[in-house]
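Notes to accompany the following structure.
Residue numbers (UniProt numbering): 1 to 268.
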């Protein structure tokens, strides 16, 4: 597993360094807000990152291409160089441990993954990974939320999904974001499991992937309601924040040095 640990260390160092080169911009009214003074600064480093999605029996991909579109936006907005086609992984694959981020989308019920898969996901979380669960129903069906809560209860005994506070670093890891918008704005908060000083799991119930995905013709597949294009932009901003937090954890909260972050990582 040496390659896995090196992969994480390189990713954390690069992402945190990238975040450090660009200051936060205050939220402004309107669609995009003003550009900061260093928007066109020459990049100091390029880091290749992956945004893997978990494949499982059932509706594992209700918003095809969502991670691909997020990769495009990360390339445009940050110093990162995401892979052109994010990976699809299974819980029994060694590729699961190549990055500390995992995207799990679903619509309706989340089927049982099996004891071996749950053990692997538990190890992924214990070693420093974060799983983003994305409910494609957008708040109309609690089946996925219920099954995710049950899954996390098995792989993280004693832990429970609770509301993530609005002042959590997740909302300012790159952009200043007030509300975790997606295709819908049904919920004004996200749910998470916070242990050992970090978010191990995050459940977004506003259908984040539905705001990101495009069809083959290049148009966005699903409308964002009720806020339209502005709501979609804030959904992208929140998605960028999630990815940076998954790798840098509380970097923006304590201004810790990158080396300290790496020493504190438990990934092996």
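All residues carry an ideal CB built from backbone N, CA and C; glycine is no exception. Since we're looking at a predicted model, the values are computed, not measured.
(Q) Once the 5 residues before and after residue 111 are set aside, which same chain residues still bring their CB inside 6 Å of it? (A) Sequence index remark: in the chain shown, residue 111 carries index 111 (1-based). Hits under 6 Å: 57 and 58.
Q. To which residues does DSSP link residue 282 through a beta bridge?
A. Outside the shown range of the chain, which is 1 to 268, sits residue 282, and nothing can be said about it.
Q) Does DSSP put residue 217 in a helix, in a strand, or in coil? A) Your numbering for residue 217 matches position 217 in the chain shown. Residue 217: coil per DSSP, three-state reduction.
Q: Just list the beta strand (DSSP E) runs in the segment 58-141, keeping only unbroken ones of 3 residues or longer that don't cross its boundaries, in chain order.
A: 80-82, 101-106 and 130-135
Q: Compare the Cα-Cα distances from residue 218 to each of 51, 123, 65 and 54 and report the closest residue.
A: Looking up residue 218 in the chain shown gives position 218. Ranking the options by Cα distance to residue 218, first place goes to 65.
Q.
Give me, in chain order, the residues of the same chain whose beta-carbon lies closer than 8 Å to that of residue 89; leave out the 5 immediate sequence neighbours on both sides.
A. Residue 89 sits at position 89 when you count from the first residue of the chain shown. Here the set comprises 52, 53, 54, 55, 95, 96 and 102.
Q) Can at least three beta-carbon pairs, one atom from the segment 67-82 and one from the segment 115-133, be found at a separation below 8 Å? A) no
Q) Which of helix, strand or coil does DSSP assign to residue 195? A) Taking the first residue of the chain shown as 1, we reach residue 195 at position 195. Note: residue 195 maps to strand in three-state DSSP.
Q. How many Å lie between residue 211 and residue 153 at the Cα?
A. In the chain shown, the residue the question calls residue 211 occupies position 211. In the chain shown, the residue the question calls residue 153 occupies position 153. Their backbone Cα atoms lie some 28 Å apart in a straight line.
**Q.** Among 227, 185, 202 and 183, nearest to residue 192 - alpha-carbon criterion
**A.** For this step, residue 192 is matched to residue 192 along the chain shown. Answer by Cα proximity: 202.
Q | Expected contact under 8 Å - CB spacing of residue 91 and residue 125 to nearest Å | A | As a working note, residue 91 is residue 91 in the chain shown. As a working note, residue 125 is residue 125 in the chain shown. At roughly 12 Å, the Cβ-Cβ gap does not stay under 8 Å, so residue 91 and residue 125 are not in contact.
(Q) Here's a check: name, in chain order, each residue in its chain whose Cβ is nearer than 7 Å to the Cβ of residue 188, leaving out the five neighbours to either side. (A) As a first step, residue 188 must be located in the chain shown, where it is residue number 188. 179.
Q) Helix or strand or just coil, what does DSSP make of residue 165? A) Counted from its first residue, the chain shown places residue 165 at position 165. DSSP places residue 165 in coil when its eight states are reduced to three.
Q: Have a look at 49, 48, 62 and 50 and flag the residue whose alpha-carbon is nearest the alpha-carbon of residue 209.
A: By 1-based counting over the chain shown, the position of residue 209 is 209. Closest option to residue 209, Cα to Cα, is 62.
Q.
Just to check my reading of the structure: residue 177 and residue 241 have Cβ atoms closer than 8 Å, yes? What is that Cβ distance to the nearest angstrom?
A. Along the chain shown, read from residue 1 onward, the residue named residue 177 stands at position 177. Along the chain shown, read from residue 1 onward, the residue named residue 241 stands at position 241. Sure, about 6 Å apart at Cβ, within 8 Å.
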